[in-house]
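**Student:** Take this structure, written in structure tokens, and hold onto it; I'll ask about it next.
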Amino acid sequence: MTDWTETYRGAVPPWQCDVTEHFTIAYYFDRLEEAQANFAEELGLGGLLKNGGFPRRMALRFAHELRAGASFHIDSAALGVDAPGTDLRLGHRFVDSVTREPVTWIDEHWDLSTTPLSAEQRDAIERRLVTWDGPVTEPRVEPTGTAGYIPTGRGRVKPIDLDSNGHFGLSPIVHRFSNASGQTGAAIGFDASFMEKNRRGFSTFELTLLLSGALRVDEPYLVETGIGHLGNSSLRMIHRLTNARTGAEIARLGQFGVNLDLDARRPARWPDTIRDRAAALVIPAG
Numbered sequence: 000m001t002d003w004t005e006t007y008r009g010a011v012p013p014w015q016c017d018v019t020e021h022f023t024i025a026y027y028f029d030r031l032e033e034a035q036a037n038f039a040e041e042l043g044l045g046g047l048l049k050n051g052g053f054p055r056r057m058a059l060r061f062a063h064e065l066r067a068g069a070s071f072h073i074d075s076a077a078l079g080v081d082a083p084g085t086d087l088r089l090g091h092r093f094v095d096s097v098t099r100e101p102v103t104w105i106d107e108h109w110d111l112s113t114t115p116l117s118a119e120q121r122d123a124i125e126r127r128l129v130t131w132d133g134p135v136t137e138p139r140v141e142p143t144g145t146a147g148y149i150p151t152g153r154g155r156v157k158p159i160d161l162d163s164n165g166h167f168g169l170s171p172i173v174h175r176f177s178n179a180s181g182q183t184g185a186a187i188g189f190d191a192s193f194m195e196k197n198r199r200g201f202s203t204f205e206l207t208l209l210l211s212g213a214l215r216v217d218e219p220y221l222v223e224t225g226i227g228h229l230g231n232s233s234l235r236m237i238h239r240l241t242n243a244r245t246g247a248e249i250a251r252l253g254q255f256g257v258n259l260d261l262d263a264r265r266p267a268r269w270p271d272t273i274r275d276r277a278a279a280l281v282i283p284a285g
């Protein structure tokens, strides 16, 4: 097989849009989670994904908005697998069902070093590899430590947050990171009052999610955030979600976006007052 496989089809309900008036990023992961499970089953790896326990990296690039009422579907494909069967690369694309244009691209890696694929599984995947025609994931400089982060989220995992495997799910984790971006905005003056008065919002164009652990129901979590990049209209936040008991990192999200003029739907320059407060939160990078 040499083509993409449809793994999800649906639409954007109005109640899943945010203050920026488009599909909330956490709900992309809600749909992606369904697409991943469908495609893993298609590849004969449903049990592997169900058991979980391996690190995953997802790089998302948003090309166009999905707004309330938009119909879309997700296509998935296998992009590569190494000889030992320890690195599986998958691709997903959100497609506008009307225009047939991809609106979001996801480049995903599974680290299977502790549970490598068998030779038969590798052969089956290699027979259906697709060439990636999406954007190249740009390398980003990551912080060298945890100094400079501020607390932006705290709570406990609720039963409603669990995925089908009994772990803190993708969408609930990213909802916590979305809330953390709101807390970060409040810390720099990009708060609800400013956004409402000036018709501004934070529009994300790139996400990189690293999953390195898991939390179960009623376990406590802590989210901390730092600023990795500050531009004229852009900002890259780095959120860390950890086990509040042990300090072990569970997930990390690099969130790159812009100060969006909601009427012009174009980036707007950061006001000096916000820029100065944001500059104080820029964390050392390696």
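Counting along the sequence shown from 1, when you hit position 87 you're at 86 in numbering that gives the first Met the number 0, and nothing is skipped either side. Idealized CB from N, CA, C, for every residue including glycine.
1) Restricting to Cα atoms, I'd like to know which of L259, K157, D95 and D86 is closest to F193.
2) Beta-carbon separation of S96 and S75 under 7 Å?
3) Taking 7 Å as the threshold (C-beta atoms), are I226 and V281 in contact?
4) Can you tell me whether R92 is buried or exposed? The criterion is at least 16 other CB atoms within 10 Å of its CB, across all chains shown.
5) Please say whether Q182 and T336 have beta carbons closer to each other than 7 Å?
6) Quick one: residues in its chain with C-beta nearer than 6 Å to the C-beta of A62, no 5 flanking neighbours on either side, listed in chain order?
7) In this structure, how does DSSP classify R198 when only helix, strand and coil are distinguished?
8) Can you tell me the Cα-Cα spacing of V216 and Q254, whole angstroms?
9) Answer yes if the segment 166-186 comes into contact with the segment 120-140, meaning at least three C-beta pairs across the two stretches below 8 Å, and no otherwise.
10) For N231, report the span of its alpha helix (DSSP H) as first-last.
11) Quick check on DSSP: helix, strand or coil for A69?
12) Quick check: Q15 and Y26, are their CB atoms within less than 7 Å of each other?
13) Keeping to the same chain, check which residues put their C-beta closer than 8 Å to that of A146; ignore five residues upstream and five downstream.
14) Counting only runs of 4+ residues fully inside the segment 167-211, write out the alpha helix (DSSP H) ranges in chain order.
15) What number of angstroms, rounded off, separates the C-alpha of E205 from the C-alpha of D271?
16) Beta-carbon within less than 8 Å of S211's beta-carbon, same chain only, minus the 5 sequence neighbours each way: which residues are those?
17) Give the secondary structure of E248 by DSSP, where H, G and I count as helix, E and B as strand, and everything else as coil.
18) Please state whether the Cβ-Cβ distance between A39 and D106 is less than 7 Å.
19) Given R265, which residues of its chain have a CB within under 7 Å of its CB, disregarding the five upstream and five downstream residues?
20) Please return the same chain residues whose Cβ sits closer than 6 Å to the Cβ of D17, not counting the five positions on each side in sequence.
21) Can you look up G46 in the DSSP assignment and give me helix, strand or coil?
**Tutor:** Walking through what the data contain:
1) Restricting attention to L259, K157, D95 and D86, the CA atom closest to the CA of F193 is found in L259.
2) no
3) yes
4) Around the beta carbon of R92, a 10 Å sphere encloses 16 or more other beta carbons of the protein chains shown; the residue is thus reported as buried.
5) The structure shown has nothing for residue 336, since the chain only spans 0 to 285.
6) Close CB contacts of A62 within its chain, under the 6 Å cut and outside five residues either way in sequence, are with V102 (chain order).
7) coil
8) 26 Å
9) No, they do not touch.
10) Premise fails: N231 is in no alpha helix (DSSP H) and is neither H nor E.
11) coil
12) In this structure, Y26 lies closer than 7 Å to Q15 by Cβ.
13) I282 and P283
14) 169-187 and 191-197
15) 24 Å
16) P54, E248, I249, A250 and R251
17) strand
18) Contact flag unset, no.
19) Apart from sequence neighbours up to five positions away, no residue of its chain approaches R265 with a beta-carbon distance below 7 Å.
20) T23
21) helix
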